[in-house]
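Worksheet: one structure, shown below.
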Amino acid sequence: NEEQTFAVNQVVESAQGFKPFLLHGITGSGKTEVYMQILQQVLTDELSQALVLVPEINLTPQLEARFRNRLPHLPLVSLHSNLGESERLQNWRLAQSGQARIIIGTRLAVFTPIPNLKIVLVDEEHDGSYKQQDSMRYHARDVAMVRAQRNKVPIMMGSATPALETWQNAKIGKYSLLTLNNRAVAQSDLPNIRCIDTTKQESTNGLTPVLVNAMRERLEKGEQSLLFINRRGYSPVLLCSACHWIAPCTRCSSRLVVHLKQGRLRCHHCGHEQKIVRQCPSCGNADLHPTGHGTQRLEETLKQLFPSARIQRVDRDSTSRKEALNEILTAVHSNEIDILIGTQMLAKGHDFPNLTLVGVIDTDSALFSPDFRASERLFAQLMQVSGRAGRAEKAGEVLIQTAFPSHHLFNALRSQDYPAYAQTLLEEREAANFPPYCYLALLRAESSNYRDVENFLNFAFELARASSKQVLTYDPMPAQMERLKGMDRGQVLMQASQRGALQKLLATITPQLRASKLAAKVRWSVDVDPMEF
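Heads up: the sequence shown is residues 942 to 1474, going by my numbering.
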């Protein structure tokens, strides 16, 4: 359509120099088609190469197949952690030698040597997976931006729900904004989004009658449904009915999650696992039961409600085998599955033509989270998952179970109005002086003894306060998860209105921290532009 053609032309015309573009398109508006047209028109001479970044490993095969199908004359390699070492090395060498013309991969691929780079594409640029959270901390989107700048080539970032920092840069003219307001398949309308008020509906194991009836209707029509669990903090834990003891992790300040099929309790933070206990260690009561709606609990409930339905769970357990996810996606496409249950793994980028209903089980924990980015992430997630419904000719419906149906997030979601919601969030951020209106760095420290953490962070705090008047340094405090993998954790947050002031402070205090005797007793790191607190 015209919007797609205009977007392609804008990028192709800028192919001789650095220029950042934000492609903002509603779900199903054909962003991938725009990427393919750009590659076709930019990679015209026989040496030119392109870098395409995707946030998740499970999106790579799908995009790879579409690119190979449309651009068979351009040799393509993929780079991600699911490849064997020899295959990854081989693909890396093909990119380095210039033989591979399209390099597609997850965040790690941003460091691949590409001698004749002509264009960089970053799909789903808002996605948190682009940030490496440990060891060498970096944001692949930002590294890609620097790379494009140094190579003097255009970069296009695509998203239905851009990161607020990216959206703000487009608003102030730092990036060129290109929009796709129409769905690519002319007959496919945006799904109808409704909120189900859980304060007025009795639910069975987390499912309201309205949602159950909607699924029954889809089964009768031979259409597919997807149940989406916003997994963060909403997995089933083991509860004692008498004293309300909840099985804790011995190495973290976290709770163990029940994995019924394996008969195990597992910590999703540090990996510690143990057998499911039969008696409460606190009071001796034998009536212990899982509480909370994990994917396995939901699967059991649905099997009781719809015994003849073909139900498939998509989570870490069911996709641990290398080809498992591809096999599941193939089964969905060939209509061998009626109901899918999944977490965010299913929310992104997948095309399911016969899927007409999306049910969202729990959203409310993210509405009132201490993390200032939680509602931005939730909106992006819900826009993504609602985009899975009704992508072909059949109309789609999204039912969201919530105790807060009139929350402004849901109002913006119903009208699929990202710009309006982004504006609300930007006003809130400006009032609170949060990014993109300031710059943050987080100094983290951990040790088996919290006193050592405290001493180190107090030293760092005094040092930072004395070294810069332009940077606001907050008091040391325990991390949100105080204990992880047997280590006590704490942090100091630094905030500045100018990035330069923050960088200058870090350059001053880091060598002094390194030289300190206190540093030898802790593991510490500095995270610039932290995504998690």
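In this text, a Cβ means the ideal position worked out from N, Cα and C, and glycines have one as well.
This one's a predicted model, so the numbers in the text were calculated from it and none came from an experiment.
Considering only their Cβ atoms, is the gap separating S1019 from G1001 smaller than 8 angstroms? For clarity, residue 1001 is Thr in the given sequence; the question names Gly instead. The answer is yes: Cβ separation under 8 angstroms.
Closest by C-alpha distance to H1274, when choosing among A948, V983, Q1003, N942: Checked all of A948, V983, Q1003, N942; the closest Cα to H1274 is Q1003.
Between which residues of its own chain and A1336 is the CB-CB distance below 8 angstroms, once the five residues before and five after are set aside? Cβ within range, chain order: D1130, P1132, N1133, T1297.
If we count Cβ pairs, one from each stretch, closer than 8 angstroms, do we get three or more for the stretch 1413–1428 versus the stretch 1383–1395? Yes: at least three Cβ pairs fall under 8 angstroms.
Give me the residue from V995, E1066, H1067, S1076 with the minimum Cα distance to I1044. It is V995 whose Cα lies nearest to the Cα of I1044.
Do you know whose CA, among Q1411, K1458, A1405, A1353, lies nearest V1433's CA? Ranking Q1411, K1458, A1405, A1353 by CA distance to the CA of V1433 puts A1405 first.
Continuous beta strand (DSSP E) stretch holding Q1253: start and end: Note, Q1253: beta strand (DSSP E), 1252–1255.
DSSP on G1174, reduced to helix/strand/coil? Any reading at G1174 must be qualified, since the residue scores a pLDDT of 41, below 50, and its modelled position is unreliable; no value is offered.
Figure out for me which residue from E1423, R1424, Q1357, L1446 has the closest Cα to the Cα of L1381. It is L1446 whose Cα lies nearest to the Cα of L1381.
Among G971, A1085, A1111, which residue has its Cα nearest to the Cα of Q945? Scanning G971, A1085, A1111 for the CA closest to the CA of Q945 turns up G971.
In terms of residue numbering, what span does the beta strand (DSSP E) encompassing I1044 cover? Where I1044 is concerned, the enclosing beta strand (DSSP E) stretches over 1043–1046.
Under 8 angstroms Cβ to Cβ from G1174, same chain only, skipping five residues before and after it: list those, please. Bear in mind that the predicted position of G1174 carries a pLDDT of just 41, short of 50, making it unreliable; the figure below should be weighed with that in mind. Once the five neighbours on either side are set aside, the close Cβ partners of G1174 are S1306.
Pick from G1328, A1461, I1280: whose alpha carbon is nearest that of E1158? Relative to the Cα of E1158, the nearest Cα in the group G1328, A1461, I1280 belongs to I1280.
Give me the DSSP bridge partner(s) of W1108. Paired residue(s): none; W1108 is not in a bridge.
What three-state label does DSSP hand W1465 in the structure shown? The DSSP-derived three-state label of W1465 is strand.
CB-CB under 6 angstroms to Q978, same chain, minus the five flanking residues each way: which ones, in chain order? Excluding sequence neighbours, Q978 sits near V949.
Residue interval of the beta strand (DSSP E) (run including F962): Here the beta strand (DSSP E) through F962 covers 960–966.
Apart from the five residues just before and just after R1192, which ones in its own chain have a Cβ nearer than 8 angstroms to its Cβ? Counting only Cβ-Cβ distances below 8 angstroms, and skipping sequence neighbours, we find C1208, C1211, H1213, R1424, L1425, K1426, G1427.
Examine the Cβ distances between the stretch 1394–1403 and the stretch 1350–1366 and report whether three or more of them are shorter than 8 angstroms. Short answer: they don't touch.
Can you tell me whether A1405 is helix, strand or coil according to DSSP? When DSSP states are grouped into helix, strand and coil, A1405 belongs to the helix group.
If you pair each beta-carbon of the stretch 1437–1451 with each one of the stretch 1214–1229, do three or more pairs fall below 8 angstroms? A contact is defined here as three or more CB-CB pairs under 8 angstroms, and the stretch 1437–1451 fails this definition with respect to the stretch 1214–1229.
For K1141, count neighbouring Cβ atoms within 10 angstroms of its own Cβ and tell me buried if that reaches 16, exposed if not. Exposed, because fewer than 16 other Cβ atoms sit within 10 Å of the Cβ of K1141.
Are three or more beta carbon pairs between the stretch 949–962 and the stretch 1308–1325 nearer than 8 angstroms? With contact defined as three or more Cβ pairs closer than 8 angstroms, the stretch 949–962 and the stretch 1308–1325 are not in contact.
So, are the CB atoms of A1188 and R1196 less than 8 angstroms apart? In this structure, R1196 lies closer than 8 angstroms to A1188 by Cβ.
For the candidate residues L1454, P1056, A1081, E1143, whose alpha-carbon lies nearest to that of A1344? Nearest of L1454, P1056, A1081, E1143 to A1344, Cα basis: E1143.
With a Cβ-Cβ cutoff of 8 angstroms, do N1295 and N1276 count as a contact? With respect to the 8 angstroms criterion, N1295 and N1276 are classified as neighbours on the basis of their beta carbons.
Counting only the same chain and skipping the five closest in sequence on each side, list residues whose C-beta sits under 6 angstroms from that of I1217. If we look at I1217 and ignore the five residues flanking it on each side, its Cβ neighbours are G1204, L1206.
Per-residue burial, N1374 [other beta carbons within 10 Å of its own, 16 or more giving buried]: Looking at its Cβ environment, which holds fewer than 16 other Cβ atoms inside 10 Å, N1374 is exposed.
C-alpha distance - F1351 paired with P1376, whole-angstrom precision: The C-alpha of P1376 is placed about 23 angstroms away from the C-alpha of F1351.
I need the boundaries of the beta strand (DSSP E) containing H1230, first residue and last residue. Taken as a continuous stretch (DSSP letters only), the beta strand (DSSP E) holding H1230 covers 1229–1232.
Based on the DSSP output, what are the partners of E1214 in its beta bridges? DSSP lists R1207 as partners of E1214.
What residue range is occupied by the uninterrupted beta strand (DSSP E) comprising H1021? Element bounds for H1021: n/a, residue is neither H nor E.
Looking at the strands, I want to know which residues DSSP matches up with H1200. BP columns for H1200 point to R1205.
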